[in-house]
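Step one of this worksheet: look at the structure below.
In the numbering used here, the protein residues as written are 2 to 140.
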């Protein structure tokens, strides 16, 4: 597993990336997915069977963890749902690093927002993922 020498879980030792799965998309696409497997990020758009393998540097990971900390990721609720919209955008986040875990799901609703538009916090998270993917589109 990826070992980081960060204080991300409140300790001074190594912390390990245990899970990293993020999806954003919906009816009519496009759909984006990224997951951590065998030491690399696997990036996928729509149902394309080809997955791009990306190995971010330590500096890129450090910048990512800083950005997601600033957008409040670790405090996001488990579910954000706008039941008034049947089709639209949904997102899933399942990340565990050390003892820090976030599992959040949303359908046409976003952390820190009250409209169908991405909230600033959610946009910041998607931008951080996109940057971790070397600038490849995500969301």
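Idealized CB from N, CA, C, for every residue including glycine. These figures come from a predicted structure and were not determined experimentally.
{"Query": "Nearest-angstrom Cα separation, counted from residue 37 out to residue 52", "Result": "12 Å"}
{"Query": "Simplified DSSP assignment, three categories, for residue 65", "Result": "helix"}
{"Query": "Inter-residue Cα distance where the pair is residue 115 and residue 125", "Result": "16 Å"}
{"Query": "Residue 137 versus residue 91: straight-line alpha-carbon distance, rounded", "Result": "19 Å"}
{"Query": "For residue 99 and residue 17, believed in contact at Cβ under 8 Å, the rounded distance", "Result": "6 Å"}
{"Query": "Rounded Cβ spacing between residue 134 and residue 42 (contact assumed at less than 8 Å)", "Result": "7 Å"}
{"Query": "Of the listed residues 26, 76 and 56, nearest to residue 122 (C-alpha basis)", "Result": "76"}
{"Query": "Buried or exposed (CB count within 10 angstroms, at least 16 for buried), residue 112", "Result": "buried"}
{"Query": "For residue 21: DSSP bridge partner residues", "Result": "96"}
{"Query": "Beta-carbon contacts of residue 24 that lie in its chain and below 6 Å, excluding the five residues immediately before and after", "Result": "34 and 93"}
{"Query": "Own chain, CB closer than 6 Å to residue 72, minus 5 neighbours either side, in chain order", "Result": "122, 125 and 126"}
{"Query": "Integer-rounded CB distance, given that residue 106 should sit under 8 Å from residue 79", "Result": "7 Å"}
{"Query": "Residue(s) in a DSSP beta bridge with residue 88", "Result": "Bridge partners of residue 88: none, in fact."}
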